[in-house]
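Chemist:
There are 4 protein chains.
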Amino acid sequence: MSTTNTGPGAQSRHVTAILDAATRRFAQTGYHGTSMRDIGAEMGMHAGSLYVHIRSKEDLLDAIVWDIAQSTERRMEAVLAAGDTPVDKLRTIAEEHLRWVAANPDAATVYFHEWRHLKGERLERVKAARARWTRGLRDIIQAGIDEGAFKPMDVRLAGLAFVGMLNSTYRWLRPDGDLDTAEIAGTFMDFLLHGWAAG
Amino acid sequence: MSTTNTGPGAQSRHVTAILDAATRRFAQTGYHGTSMRDIGAEMGMHAGSLYVHIRSKEDLLDAIVWDIAQSTERRMEAVLAAGDTPVDKLRTIAEEHLRWVAANPDAATVYFHEWRHLKGERLERVKAARARWTRGLRDIIQAGIDEGAFKPMDVRLAGLAFVGMLNSTYRWLRPDGDLDTAEIAGTFMDFLLHGWAAG
Amino acid sequence: MSTTNTGPGAQSRHVTAILDAATRRFAQTGYHGTSMRDIGAEMGMHAGSLYVHIRSKEDLLDAIVWDIAQSTERRMEAVLAAGDTPVDKLRTIAEEHLRWVAANPDAATVYFHEWRHLKGERLERVKAARARWTRGLRDIIQAGIDEGAFKPMDVRLAGLAFVGMLNSTYRWLRPDGDLDTAEIAGTFMDFLLHGWAAG
Amino acid sequence: MSTTNTGPGAQSRHVTAILDAATRRFAQTGYHGTSMRDIGAEMGMHAGSLYVHIRSKEDLLDAIVWDIAQSTERRMEAVLAAGDTPVDKLRTIAEEHLRWVAANPDAATVYFHEWRHLKGERLERVKAARARWTRGLRDIIQAGIDEGAFKPMDVRLAGLAFVGMLNSTYRWLRPDGDLDTAEIAGTFMDFLLHGWAAG
DNA sequence: TATGAATGAGTGTTCATTCAT
DNA sequence: TATGAATGAACACTCATTCAT
């Protein structure tokens, strides 16, 4: 119901199915609150049988999170490379982000909620990817300020506000909602660009 | 480092110390990722000794979360009862919220991150309290629209944007940051009221 | 060494082995005095490994006790249905009972000693089965009185005397004893029918 | 509700109260199924406070059981020393036994059910006392045979039948029963002496 | 005399993982 | 490829017992 496994690096159908099951359970009961038995049960399989296809539970979390981190970063790179204005770049990011969250709420939950249960190098790798993404976002905002589209402001806080608004959507945004994700993204961008104040 | 146990209903010093230790560990490794031994170790105590003072691990999570939920709700009631304008009410909420998050980052993390590991009635109780808080927030925003301070807009999305911005601060806001929490709250309110757009 | 698992409803060989080990330990040190580690040790297994085959410690006690309760009841039904005289029925019951106790002293000990540690519905179920058995016994004695084989007497006390004599055998009757169980049963029946008094 | 602490060797009022509480709980949930907390709760005391008066849990079981074992043995000695006929001796034993069981059902339950959880020397001491009692009983029966009151029979089985009948009364005999204990003892003796058979 | 607090071992049970089949 | 069985460590929690107060 929720991962993004296409293109190069695609795993066997089995692994994909396990990752999907794990994504669902991790989203619902958390990484440490989910047992391998739970994941197996989700697939009609015994816990031990999972190890035919995977190496460890942490591998599952890492695969889910790292896959998302990577494609998120790739999207940021594409946006940065495009010839759009800063405002259009942010709009693109918001739209894509919300579309993806609505389509993959479980994966989003794991990505924003459970990633921190990774350990050591894997944790650092994800942190670094997130940091690069954040830097990209700030660069866009800074460019907006530089070219006079945005007022002078604290770029770091602006970025955190943007991210906070967008990332928290995984808590409530569902594919069957009555509002179109593009509409929501538009509204959020409008809030951020022009504010609530009348006149 | 993190609870809010003052006034009536205050527990014994022992229980308070255990709740603080639990708050720290739950914030760092999550509820299911924290063992009673971890909490005991944090206090230089054996896991079993904790049970002289508490009844169960879930009691700890509940005590931490419910205490915050209640005082959060009480603050909302006070704000709603005050004679301020909607804008001032939101400003008060933002300021108090950020001040509390900065002062209690661990408690905030548990409150926003781990509450969902509660079960049954306790979970429902917290959900209901959060829903009442959200309703209060929307009432303020709606009042702002009604009296012409805000433009007409989707109240639900506006509330979610506000909450998303504020609640995500527990991920980065620390007491030793260089920026004053009141300043940050002011900047966030400015973003929300007037937007980033220049001119 | 001691259960009666034949016929339909027979468990896997593993479960049977665990039940046998549990029967031995429960008989020796009592239900609450036996740990899952003890049962595991009896089988050269770790305590946790038992849970591959069973669900709980109480399940073990229930399986042991309920299995005996059922077959005991079935035997009573068969005896009641047979065309024998009351005296012959009692004789059959005594003989079968002592033969079973001698062959399964551990199971008998658990059945007569540890059944009360069952809880809730399981306890009630066993109590009810025992009550039905007792009622059967009284019916036989009453029939004996009615047809003039026995003198008029308090049926309840007669039943309790019979049961007390029979059931207490689990404390001393062992398969390797020098006396044949049929002989012992015969002697007991003779005591009960004609008494010790000379002449 | 149930011990027999009079005469020499009487303990402090506190110890007596603890022994009574322990007797009640041991009877209901068994020795290993009863915690010191349970016993304390029965007295409105903390578990630790019991140790002001006693030395260990096993001491409690031993005190309860050994006290009964001793007075039981003393009674047997008195009966043996009396000038009665064997039949009268048995009758006295039965009457006293049932009267005591009816008056002290909890103590009786512990004595007949839980004594085996004693360990080492204490266990042996109780076993020996019971063996001496049994020998006394057999001597009486043998005397009855020798003087022609009883038919020739297996003394050991006769003793076991007598004991089985009497000792099992702790399972059902209660002080508030409608039948007088003397009556019940009389009926049991009649069963044993003259049997059920009519004519 | 009793308490409140603590200990350290032990409870029943679940965990992620392995491996012969 | 999947299972059934097992492991050994860990889990939340309770135990009998101790001891300063």
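Protein chains in written order, with the UniProt record's numbering: chain C, 1 to 199; chain R, 1 to 199; chain B, 1 to 199; chain E, 1 to 199. Backbone N, C-alpha and C define an ideal beta-carbon position, used for all residues, glycine too. Predicted, not measured: the structure shown is a model, and the values here were computed from it.
1. With a threshold of 8 Å between beta-carbons, can residue 194 (chain C) be considered close to chain R, or not?
2. In terms of residue numbering, what span does the alpha helix (DSSP H) encompassing residue 86 (chain R) cover?
3. Give the single residue among R:103, R:94, R:121 and R:113 whose Cα lies nearest to the Cα of residue 192 (chain R).
4. What does residue 150 (chain R) pair with, by DSSP beta-bridge criteria?
5. If we define contact as Cβ-Cβ less than 8 Å, is residue 283 (chain C) a contact residue for chain R?
6. Quick check on residue 6 (chain B): buried or exposed, where buried means 16 or more other Cβ atoms within 10 Å of its Cβ?
7. Cα separation between residue 103 (chain B) and residue 118 (chain R)?
8. Measuring CB to CB, does residue 53 (chain R) end up less than 8 Å from residue 14 (chain R)?
9. Nearest chain C C-beta to residue 115 (chain R) closer than 8 Å, yes or no?
10. At the level of alpha carbons, what is the spacing between residue 101 (chain B) and residue 89 (chain B)?
11. So, under 8 Å CB-CB, residue 159 (chain R) and residue 134 (chain R) are touching, yes? Tell me the CB distance rounded to an integer number of Å.
12. Taking only beta-carbon atoms, is residue 32 (chain C) less than 8 Å away from chain R?
13. Using a cut-off of 9 Å between C-beta atoms, extract the partners of residue 153 (chain C) located in chain R.
14. In its own chain, which residues sit with a C-beta less than 6 Å from the C-beta of residue 194 (chain R), not counting the 5 before and 5 after it?
15. Can a CB atom of chain B be found closer than 8 Å to the CB of residue 44 (chain E)?
16. On the three-pair Cβ rule with 8 Å, is the region 75-83 of chain E touching the region 122-137 of chain E?
17. Anyone know if the C-beta pair for residue 146 (chain E) and residue 27 (chain E) falls short of 8 Å?
18. Using 10 angstroms around the beta-carbon of residue 175 (chain C), count the other beta-carbons present and answer buried if the total reaches 16, otherwise exposed.
19. Could you spell out where the alpha helix (DSSP H) holding residue 244 (chain R) opens and where it closes?
20. What residues from chain R crowd round residue 66 (chain C), counting only those whose CB sits closer than 8 Å?
21. Alpha carbon to alpha carbon, what distance is there between residue 16 (chain B) and residue 34 (chain R)?
22. Residues of the region 125-151 of chain E in Cβ contact with chain B at a cutoff of 9 Å, in chain order, please.
23. Report the residue from E:55, E:72 and E:108 whose alpha carbon sits nearest the alpha carbon of residue 30 (chain E).
24. Is it buried or exposed for residue 21 (chain C), if we count other Cβ within 10 angstroms and need 16 for buried?
25. Using DSSP with H/G/I as helix, E/B as strand and the rest coil, what is residue 12 (chain R)?
26. So, at 6 Å on beta carbons, what are the nonlocal neighbours of residue 185 (chain R) in its own chain, with the 5 sequence-adjacent residues on each side left out?
27. Could you give the DSSP three-state label for residue 1 (chain R): helix, strand or coil?
28. Should residue 152 (chain R) go down as buried or exposed, given a rule of 16 or more other Cβ atoms within 10 Å for buried?
29. Hey, is residue 163 (chain R)'s beta-carbon within less than 8 Å of any beta-carbon in chain C?
30. Assuming residue 156 (chain E) and residue 171 (chain E) form a contact by the criterion Cβ under 8 Å, report the distance between their Cβ atoms to the nearest whole angstrom.
31. So which of C:141, C:81, C:69 and C:162 has the shortest CA-CA distance to residue 123 (chain C)?
32. Which runs of the alpha helix (DSSP H) fall wholly inside the region 163-193 of chain E and span at least 4 residues, in chain order?
33. In this structure, how does DSSP classify residue 7 (chain B) when only helix, strand and coil are distinguished?
34. Under the rule that 16 or more other beta-carbon atoms within 10 Å means buried, what is residue 121 (chain B), buried or exposed?
35. What are the start and end residues of the alpha helix (DSSP H) that includes residue 74 (chain B)?
36. What's the gap between the Cα of residue 142 (chain R) and the Cα of residue 143 (chain C)?
Modeler: Working from what's here:
1. In the first sequence, counting from the first residue as 1, residue 194 (chain C) sits at position 194. It does; some Cβ of chain R falls within 8 Å.
2. Here residue 86 (chain R) refers to the residue found at position 86 of the second sequence. Unbroken alpha helix (DSSP H) run through residue 86 (chain R): 86-103.
3. Numbered from its first residue, the second sequence carries residue 192 (chain R) at position 192. Among R:103, R:94, R:121 and R:113, the Cα nearest to that of residue 192 (chain R) belongs to R:94.
4. Sequence index remark: in the second sequence, residue 150 (chain R) carries index 150 (1-based). Note: residue 150 (chain R) sits in a beta bridge opposite C:197.
5. Look at the range of chain C in this structure, 1 to 199, and you will see that residue 283 (chain C) is not part of it.
6. Within the third sequence, the letter at position 6 stands for residue 6 (chain B). Confidence at residue 6 (chain B) is low in this model, with a pLDDT of 42, below 50, so the placement of that residue is unreliable and no value is reported for it.
7. Position 103 of the third sequence holds residue 103 (chain B). Position 118 of the second sequence holds residue 118 (chain R). Rounded to the nearest angstrom, the two C-alpha atoms are 52 Å apart.
8. Here residue 53 (chain R) refers to the residue found at position 53 when the second sequence is read from its first residue. Here residue 14 (chain R) refers to the residue found at position 14 when the second sequence is read from its first residue. Cβ atoms of residue 53 (chain R) and residue 14 (chain R): closer than 8 Å.
9. Working through the second sequence from its first residue, we reach residue 115 (chain R) at position 115. Residue 115 (chain R) does not count as touching chain C.
10. Along the third sequence, read from residue 1 onward, the residue named residue 101 (chain B) stands at position 101. Along the third sequence, read from residue 1 onward, the residue named residue 89 (chain B) stands at position 89. If you take the alpha carbons of residue 101 (chain B) and residue 89 (chain B), they lie about 18 Å apart.
11. Sequence index remark: in the second sequence, residue 159 (chain R) carries index 159 (1-based). Sequence index remark: in the second sequence, residue 134 (chain R) carries index 134 (1-based). That pair is a contact at about 6 Å.
12. For this step, residue 32 (chain C) is matched to residue 32 along the first sequence. With 8 Å as the cut-off, residue 32 (chain C) counts as an interface residue toward chain R.
13. Position 153 of the first sequence, counted from the start, is the residue given in the question as residue 153 (chain C). In chain order: 187, 190, 191 and 196.
14. The residue labelled residue 194 (chain R) in the question sits at position 194 within the second sequence. There are no such residues.
15. As a working mapping, residue 44 (chain E) is identified with position 44 in the fourth sequence. No - not a single Cβ of chain B is within 8 Å of the one on residue 44 (chain E).
16. yes
17. As a first step, residue 146 (chain E) must be located in the fourth sequence, where it is residue number 146. As a first step, residue 27 (chain E) must be located in the fourth sequence, where it is residue number 27. No, the pair does not count as a contact, with Cβ atoms beyond the cut-off.
18. Position 175 of the first sequence holds residue 175 (chain C). Label assigned to residue 175 (chain C): exposed.
19. Residue 244 (chain R) falls outside the range modelled here, since chain R spans only 1 to 199, and no answer is possible.
20. In the first sequence, the residue the question calls residue 66 (chain C) occupies position 66. Correct list: empty, because the minimum Cβ distance to chain R is about 19 Å.
21. Along the second sequence, one-based indexing puts residue 34 (chain R) at 34. Along the third sequence, one-based indexing puts residue 16 (chain B) at 16. Straight-line Cα distance between these residues: approximately 38 Å.
22. 141, 144, 145, 148, 149, 150 and 151
23. For the purposes of this step, residue 30 (chain E) is taken as the residue at position 30 of the fourth sequence. Measuring from the Cα of residue 30 (chain E), the nearest candidate turns out to be E:108.
24. The sequence position of residue 21 (chain C) within the first sequence is 21, counting from 1. Under this definition residue 21 (chain C) is a buried residue.
25. Numbered from its first residue, the second sequence carries residue 12 (chain R) at position 12. Residue state, collapsed to three classes: coil.
26. Here residue 185 (chain R) refers to the residue found at position 185 when the second sequence is read from its first residue. Closer than 6 Å at the Cβ level, and outside the excluded window around residue 185 (chain R), lie 94, 95 and 98.
27. As a working note, residue 1 (chain R) is residue 1 in the second sequence. Confidence is the limiting factor: at residue 1 (chain R) the pLDDT is only 40, short of 50, which leaves the residue's position unreliable, though a coordinate-based value still follows. Three-state DSSP puts residue 1 (chain R) in coil, outside helix and strand.
28. Position 152 of the second sequence, counted from the start, is the residue given in the question as residue 152 (chain R). Its Cβ having fewer than 16 others within 10 Å, residue 152 (chain R) is exposed.
29. What you label residue 163 (chain R) is simply residue 163 of the second sequence in a count that begins at 1. Closer than 8 Å: yes.
30. For the purposes of this step, residue 156 (chain E) is taken as residue 156 along the fourth sequence, with counting starting at 1. For the purposes of this step, residue 171 (chain E) is taken as residue 171 along the fourth sequence, with counting starting at 1. Contact doesn't hold; Cβ gap of about 24 Å is too wide.
31. Residue 123 (chain C) sits at position 123 when you count from the first residue of the first sequence. When each option's Cα is compared against that of residue 123 (chain C), the closest is C:69.
32. none
33. The count along the third sequence starts at 1 and reaches residue 7 (chain B) at position 7. The predicted model places residue 7 (chain B) with a pLDDT of 45, which falls under 50 and marks its position as unreliable; any figure quoted below should be read in that light. It is coil, neither helix nor strand.
34. What you label residue 121 (chain B) is simply residue 121 of the third sequence in a count that begins at 1. Its Cβ having fewer than 16 others within 10 Å, residue 121 (chain B) is exposed.
35. Within the third sequence, numbered from 1, the residue matching residue 74 (chain B) stands at position 74. It spans 57-81 - the alpha helix (DSSP H) in which residue 74 (chain B) sits, taken as one unbroken run.
36. The count along the second sequence starts at 1 and reaches residue 142 (chain R) at position 142. The count along the first sequence starts at 1 and reaches residue 143 (chain C) at position 143. Roughly 34 Å separates the two Cα atoms.
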